[in-house]
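I have placed the structure first, in the form of structure tokens, so that the comments after it can refer back to it.
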Amino acid sequence: MVAVTECSSHAVLDAVIGGWKDSERIVSDELEAHIGAGTLVLADRGLWGLARWHRYRDRGAHLLWRIERRAARRVQDVLPDGSYLALIQANKHAKATGTVKAPPALVRVIEYRVDGQADVIRLVTSLTDHEQYPAAELATLYARRWEIEIVFDEIKTHQRGRPILRSQTPDGVRQEIYAHLIVHHATRDLLNEVAQIAQTSAERTSFTRALHVVRRSVITPCGFSPLSPKS
């Protein structure tokens, strides 16, 4: 399953389920319809693709993606904050039989290390204005991409409550996964309403506590009776 999640609310906005042989990159292409103008999309290096980059940009979205170090080598300009503009071109060795290669893209590259780690993290973004979007702020923002892993933990560990899905057929598995996604979205929607009432952020609310409340209300509904009132 590949999903699009809103960082602050942890709401799953869209998800696509593929087979075990399907490429994550190919499956993720079905999520593009949900990406609109004004959206800032964070993604890991496994989803990088030049053609995909252009499709998201054509929809009016901005991008902040991690990429492999061998990409974006054609440096065009070095910016005062240490980031630089580079040109990414389609790989001439890529197998693109029957397809048109994507045009080059001018991107801004941000490189940094996390304390205690030797690996260099390399990000590319469509936000090229270094004064309006400082490199340090974008590097800090990219760490929010891991919020989706918290969402998956909420669903798989806390909400599901069992090691495997109960369904024994492909259609049943898909139905069960979407059912879990619907319940999670509804719970997160309630938490967002609570956060607005309390004038705080949804991130500061407890998903597990909300889940317990939802379960109790389903098992013992309050103030509701299926019987018609007696005259």
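Letter by letter, the sequence shown follows residues 1 to 231 of my numbering. Ideal Cβ placement from N, Cα and C applies to all residues, glycine included.
1) Does E176 get closer than 7 Å to chain D when you measure Cβ to Cβ?
2) If you pair each beta-carbon of the segment 61-69 with each one of the segment 30-46, do three or more pairs fall below 8 Å?
3) What beta strand (DSSP E) runs, 3 residues minimum, are completely inside the segment 74-143?
4) Please state whether DSSP places D246 in a helix, a strand or coil.
5) Just how far apart, CA to CA, sit M1 and A136?
6) Check whether the Cβ atoms of S8 and R188 sit closer than 7 Å, and answer yes or no.
7) With which residues is R66 paired in a DSSP beta bridge?
8) Could you tell me whether the segment 23-37 touches the segment 52-60, where touching means 3 or more Cβ pairs closer than 8 Å?
9) So D153 is in the alpha helix (DSSP H); what residue range does that whole segment cover?
10) Which of helix, strand or coil does DSSP assign to D58?
11) Should the segment 108-127 be called in touch with the segment 82-90, which here means at least 3 C-beta pairs below 8 Å?
12) Using only CA atoms, which one of E6, A15 and A11 lies nearest to R174?
13) Quick one: grab the DSSP three-state call for A202.
14) Is the distance from the Cβ of H158 to the Cβ of T208 below 7 Å?
15) For L40, which option in S23, I26, S28 and A61 has the closest C-alpha, if you only look at C-alpha atoms?
16) Output the distance between the C-alpha atoms of I148 and T5, rounded to the nearest integer angstrom.
17) If you measure between the beta carbons of N192 and A202, is that distance less than 7 Å?
18) Taking all protein chains shown into account, decide if S28 is buried (16 or more other Cβ within 10 angstroms of its Cβ) or exposed.
19) Which residues in the same chain as R25 place their Cβ atom closer than 8 Å to its Cβ, once the five residues preceding and following it in sequence are excluded?
20) Cβ of I110 within 7 Å of Cβ of A71?
21) Kindly indicate which residue of A11, W20, L13 and R215 has the alpha-carbon position closest to the one of P170.
22) Between G116 and A143, what straight-line distance do the alpha-carbon atoms span, to the nearest angstrom?
By the coordinates alone:
1) Going by chain labels, chain D is absent from the structure shown, which holds only one protein chain.
2) Result yes; three or more Cβ-Cβ pairs closer than 8 Å.
3) You should have 74-78, 84-88, 105-113 and 120-125.
4) Because the chain spans 1 through 231 in this model, residue 246 falls outside it and cannot be assessed.
5) Those two C-alpha atoms are separated by around 31 Å.
6) Not closer than 7 Å, so no.
7) Partner(s): L123.
8) Output reads yes: the segment 52-60 touches the segment 23-37.
9) E147 to D153 is the extent of the alpha helix (DSSP H) around D153.
10) Here D58 sits in helix by DSSP.
11) Three or more Cβ pairs drawn from the segment 108-127 and the segment 82-90 lie within less than 8 Å of each other, which places the two stretches in contact.
12) R174 has its Cα closest to that of A15, out of E6, A15 and A11.
13) DSSP, reduced to helix, strand and coil, places A202 within a helical segment of the structure shown.
14) A distance below 7 Å separates the beta carbons of H158 and T208.
15) Here the closest residue by C-alpha is A61.
16) T5 has its alpha-carbon roughly 6 Å from the corresponding atom of I148.
17) The Cβ atoms of N192 and A202 lie closer than 7 Å to each other.
18) Buried.
19) Around R25, the same chain offers G46, L47, G49 and R52 as residues with beta carbons nearer than 8 Å, after the five sequence neighbours per side are excluded.
20) Going by C-beta atoms, I110 is not nearer than 7 Å to A71.
21) Nearest C-alpha to P170: W20.
22) Roughly 16 Å separates the two Cα atoms.
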